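**Student:** Here UniProt numbering is used: position 143 in the sequence shown is 143, and no number is missing along the way. Each residue gets a CB set at the ideal place from its N, CA and C atoms; glycine is no exception. Here the structure is a predicted model, which means the values were calculated and not measured.
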Amino acid sequence: MTHSDRPADHKTPLEGRSSGPLTGRVRVPGDKSISHRALILGALVLGETRISGLLEGEDVLNTAKSMRALGARVERTGDFAWSVRGVGVAGFAQPDAPLDFGNSGTGCRLVMGAVAGCPIAAVFDGDASLRSRPMRRVLDPLELMGARVTSGGEGGRLPLTLTGARDPLPVNYRTPVASAQIKSAVLLAGLAAPGVTTVIENEASRDHTELMLRHFGAEIVSTPEGQHGRKIALTGQPELRGAKVVVPADPSSAAFPIVAALIVEGSDLIFSDVMTNPLRTGLFTTLREMGGSIEESDVRGDAGEPMAQLRVRGSRLKGVEVPPERAPSMIDEYLVLAVAASFAEGTTIMRGLSELRVKESDRLAATADMLRVNGVKVEISGDDLIVEGRGHVPGGGVVATHMDHRIAMSALVMGLAADTPVKVDDTAFIATSFPDFIPMMRGLGADFS
1 MTHSDRPADH KTPLEGRSSG PLTGRVRVPG DKSISHRALI LGALVLGETR ISGLLEGEDV
61 LNTAKSMRAL GARVERTGDF AWSVRGVGVA GFAQPDAPLD FGNSGTGCRL VMGAVAGCPI
121 AAVFDGDASL RSRPMRRVLD PLELMGARVT SGGEGGRLPL TLTGARDPLP VNYRTPVASA
181 QIKSAVLLAG LAAPGVTTVI ENEASRDHTE LMLRHFGAEI VSTPEGQHGR KIALTGQPEL
241 RGAKVVVPAD PSSAAFPIVA ALIVEGSDLI FSDVMTNPLR TGLFTTLREM GGSIEESDVR
301 GDAGEPMAQL RVRGSRLKGV EVPPERAPSM IDEYLVLAVA ASFAEGTTIM RGLSELRVKE
361 SDRLAATADM LRVNGVKVEI SGDDLIVEGR GHVPGGGVVA THMDHRIAMS ALVMGLAADT
421 PVKVDDTAFI ATSFPDFIPM MRGLGADFS
C-alpha cells in the first residue's frame with residue numbers, strides 16, 4: 001500500500017520509554033540520496049548498472065517503479081541488490097500512468113529533471129503530504145531549458161503534467177536557495193542539452209549528483225564560488241556507461257540511533273560503512289562540539305563517496321550555537337539534533353532553518369511542538385530554533401507526526417531517555433526511509449511499546 005491509498009484513519013501509535021544502555025553493532029540502511037540517484041542515473045545510461053546496499057524503503061521503491069514506467073529494466077537481484085538496464089540520455093518512454101512518488105520530494109524532483117530533457121509528457125503525483133509541497137522552484141529552471149508544465153495545482157503543486165523539451169537548452173542558473181534537489185534537477189535535464197549547463201550556488205549543497213555523474217562517465221567540473229558556494233559545469237549529451245554502485249549507510253538514518261546512544265547513559269554502539277561526505281556530516285560535527293563521543297575508523301570510499309566505521313558512546317552534552325552555513329549539510333537532522341539539545345546542559349541555537357518549513361511538514365514548527373509538549377523550553381525566532389537544555393526531559397507528551405517519518409523517529413528517540421514515556425501518534429510513515437528502524441532499535445536495547 002502506498003501512502004496515497006492508505007486509509008486516513010489507519011494510525012500506528014507507539015511509545016518510547018526509558019531504557020537501559022544501547023549496545024551492539026549495526027549497519028543502518030543504505031543512503032536514500034545515493035539510492036535515488038543510482039536508480040535514476042542507471043536508467044539514463046546504456047548498459048547495466050549493478051547496485052548493492054540499496055535502501056528498500058517506500059520512497060526509493062517508488063523511484064524504482066517510476067524508472068520502470070519510463071522504460072528502464074529494473075530488477076531486484078538479491079537482498080538490497082538491484083540491476084538497472086538503462087535507455088540512454090533522453091531515452092525515456094512515455095509512461096502509461098501517473099508516476100506516484102508517495103511521500104518522496106527527492107525522487108519526484110530529481111525525476112522531473114530527468115524527464116525535462118526527454119520529448120515525452122509525464123504526470124507526477126504523490127500522497128497528501130507531497131501534494132502540499134512546492135515544486136515551482138524546481139520547475140522554473142526546467143522551463144528555462146524548454147520543458148513545460150501543461151497542467152497542475154496552484155503554485156506548481158502535484159498532481160501536474162510535465163512535458164519535456166524536444167530540443168533542451170543549456171542554462172547558466174543560480175539557485176535561489178541551497179538545494180541539492182534544484183541543482184540535481186537542472187543537471188539531470190542538462191544531460192540532454194548540447195553545450196555546457198552551469199549551476200551556481202551561494203551555499204554549497206550536497207554533491208552526490210556530481211560525484212555519481214562523474215562515476216558514470218559525465219564530464220563535470222565543480223569549482224569554488226564566493227565564500228561558501230560552488231559553480232558546477234556539466235558538458236551535455238555525454239555517453240554514460242553502466243557502473244557498479246555500493247550504497248553507503250545513510251548518515252541521516254544513522255542520526256537517530258547515534259543521538260539515542262549519546263543521550264542514553266552507558267550506551268556503546270558501533271555503526272559500519274556510514275557515509276562521511278563532508279556535505280552530509282554537519283550533525284556529527286555539531287554533536288562533537290556538544291561533547292558527544294563519536295570516533296571514526298576504517299575510512300574508505302566507493303563511487304566518490306567516503307564512508308567510515310563510527311563508535312558512539314553515552315555522553316554529557318552541552319548547548320552550542322550552530323551557524324546557518326552548516327544547514328545544507330544537516331538539513332534533515334535538525335529534528336533529532338533538537339532532541340539532543342533538549343538533554344544538553346545550556347542553550348542550543350540553531351540558525352537559518354527556513355528550509356525546514358517546506359519539508360514533509362513544517363518541520364520547524366513541528367519540532368518546537370514536539371519539544372514543548374514534552375516539557376522542553378523552546379522558541380522560534382525568525383528562522384532560528386532556540387532550545388533551553390536542562391540535562392533531562394520531563395516527557396509524557398503525545399507527539400503529532402504530521403505524516404513525517406523524521407518527527408516520528410525523533411520523538412521515539414526522545415522517549416528512550418525522558419523521565420516519562422513519549423507517545424507518537426503515528427509511526428507508519430517511518431517505512432518511507434527506515435523500514436526496520438523499530439526492530440533494529442529494539443535489538444539494540446530500546447524500549448518501544
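(1) How many Å lie between G146 and P324 at the Cα?
(2) From T432 to G395, what distance separates their C-alpha atoms?
(3) With H, G and I counted as helix, E and B as strand and the rest as coil, what does DSSP make of M135?
(4) Find the nearest neighbour of residue 503 within the set L188, G217, R206, judged by alpha-carbon distance.
(5) Quick one: Cα of V89 to Cα of E239, how far?
(6) Would you mind stating whether P328 and A178 have Cβ atoms separated by less than 8 Å?
(7) Are the CB atoms of D59 and P98 nearer to each other than 8 Å?
(8) Does T150 pass the burial test, meaning 16 or more other C-beta atoms within 10 Å, or should it be called exposed?
(9) Rounded to whole angstroms, how far is the Cβ of F271 from the Cβ of A260, which I believe are closer than 8 Å?
(10) Output the boundary residues of the alpha helix (DSSP H) element that contains Q309.
(11) Going by Cα to Cα distance, which pick from V393, M409, L160, E345 is closest to I258?
(12) Could you pull out every residue in the same chain whose Cβ sits closer than 8 Å to the Cβ of H425, ignoring the five residues on either side in sequence?
(13) Among R166, T49, L337, whose alpha-carbon lies nearest the alpha-carbon of E75?
(14) Among all the DSSP beta bridges, which residues are the ones paired with I270?
(15) So for G346, helix, strand or coil by DSSP?
(16) Could you tell me the alpha carbon to alpha carbon distance between R136 and D447, rounded to whole angstroms?
(17) Taking Cβ to Cβ, would you say L191 is nearer than 8 Å to G236?
(18) So, for P170: in the same chain, excluding its five sequence neighbours on each side, which residues have a beta-carbon less than 7 Å away from its beta-carbon?
(19) What does the Cβ neighbour count give for Q181, buried or exposed, with the cut at 16 atoms within 10 Å?
(20) Suppose the cutoff is 6 Å on Cβ atoms and the five residues either side in sequence are ignored; what does the same chain contact list for R357 look like?
(21) Ordered along the chain, which non-local residues of its own chain (more than five positions away) have a Cβ less than 7 Å from that of G445?
(22) Express the C-alpha separation of L287 and E333 in angstroms, rounding to a whole number.
(23) Could you pull out every residue in the same chain whose Cβ sits closer than 6 Å to the Cβ of R6, ignoring the five residues on either side in sequence?
(24) Which whole-angstrom value describes the C-beta separation of R241 and V45, a residue pair presumed to lie in contact below a C-beta threshold of 8 Å?
(25) In chain order, what residues of the same chain lie with their CB nearer than 8 Å to the CB of R37, ignoring the 5 residues before and after it?
(26) Please classify V259: does DSSP put it in a helix, a strand, or coil?
(27) Between the stretch 261 to 280 and the stretch 57 to 73, are three or more C-beta pairs nearer than 8 Å?
**Tutor:** The answer reads as follows:
(1) Here residue 146 corresponds to residue number 146 of the sequence shown, with the count starting at 1. Here residue 324 corresponds to residue number 324 of the sequence shown, with the count starting at 1. So the two alpha carbons sit approximately 34 Å from each other.
(2) The residue labelled residue 432 in the question sits at position 432 within the sequence shown. The residue labelled residue 395 in the question sits at position 395 within the sequence shown. Using only the alpha carbons, I get a separation of about 26 Å.
(3) What you label residue 135 is simply residue 135 of the sequence shown in a count that begins at 1. Of the three classes helix, strand and coil, the one that applies to M135 here is coil, per DSSP.
(4) Only positions 1 to 449 of the chain appear in this structure, which leaves residue 503 out of reach.
(5) By 1-based counting over the sequence shown, the position of residue 89 is 89. By 1-based counting over the sequence shown, the position of residue 239 is 239. Spanning the two alpha carbons is a distance of roughly 8 Å.
(6) To locate residue 328, count along the sequence shown from 1; it is residue 328. To locate residue 178, count along the sequence shown from 1; it is residue 178. A contact, by the Cβ cut-off of 8 Å.
(7) The residue given as residue 59 occupies position 59 in the sequence shown. The residue given as residue 98 occupies position 98 in the sequence shown. No, the pair does not count as a contact, with Cβ atoms beyond the cut-off.
(8) Here residue 150 is taken as the residue at index 150 of the sequence shown, counted from 1. T150 is exposed by the Cβ-count criterion.
(9) As a position in the sequence shown, residue 271 is number 271, starting the count at 1. As a position in the sequence shown, residue 260 is number 260, starting the count at 1. Contact flag wrong, Cβ pair sits at about 12 Å.
(10) Sequence index remark: in the sequence shown, residue 309 carries index 309 (1-based). Careful: Q309 lies outside any alpha helix (DSSP H), inside the beta strand (DSSP E) at 305 to 313.
(11) Residue 258 sits at position 258 when you count from the first residue of the sequence shown. Answer by Cα proximity: M409.
(12) In the sequence shown, counting from the first residue as 1, residue 425 sits at position 425. Per the sequence shown, residue 425 should be read as Asp rather than His. So the qualifying residues of the chain are K11, P13, V398, V399, A400, T401.
(13) As a working note, residue 75 is residue 75 in the sequence shown. Nearest C-alpha to E75: T49.
(14) Reading the sequence shown from its first residue, position 270 is the one you call residue 270. For I270, which the question treats as bridged, DSSP gives the partners R25, R311.
(15) As a first step, residue 346 must be located in the sequence shown, where it is residue number 346. G346: strand per DSSP, three-state reduction.
(16) Translated into the one-based positions of the sequence shown, residue 136 becomes position 136. Translated into the one-based positions of the sequence shown, residue 447 becomes position 447. Approximately 42 Å, taken between the alpha carbons.
(17) Position 191 of the sequence shown, counted from the start, is the residue given in the question as residue 191. Position 236 of the sequence shown, counted from the start, is the residue given in the question as residue 236. A contact, by the Cβ cut-off of 8 Å.
(18) Start at 1 with the first residue of the sequence shown, and residue 170 comes out as number 170. The answer, listed in chain order, is G190, A193, P194, G195, V196, T197, G236.
(19) For the purposes of this step, residue 181 is identified with residue 181 of the sequence shown, where counting begins at 1. Q181 comes out buried.
(20) For the purposes of this step, residue 357 is identified with residue 357 of the sequence shown, where counting begins at 1. Cβ within range, chain order: L364.
(21) Sequence index remark: in the sequence shown, residue 445 carries index 445 (1-based). Excluding positions up to five away in sequence, the list reads S19, G20, P21, L22, T23.
(22) Translated into the one-based positions of the sequence shown, residue 333 becomes position 333. Translated into the one-based positions of the sequence shown, residue 287 becomes position 287. E333 and L287: Cα-Cα distance of roughly 11 Å.
(23) For the purposes of this step, residue 6 is taken as residue 6 along the sequence shown, with counting starting at 1. Note on R6: pLDDT 43, under 50, position unreliable in the model; the coordinate value appears next. No residues qualify anywhere along the chain.
(24) Within the sequence shown, the letter at position 241 stands for residue 241. Within the sequence shown, the letter at position 45 stands for residue 45. 6 Å between Cβ atoms; contact.
(25) On the sequence shown, residue 37 is found 37 positions in, with the first residue counted as 1. Excluding sequence neighbours, R37 sits near L110, S184, H208, T209, M212.
(26) As a position in the sequence shown, residue 259 is number 259, starting the count at 1. Helix at V259.
(27) no
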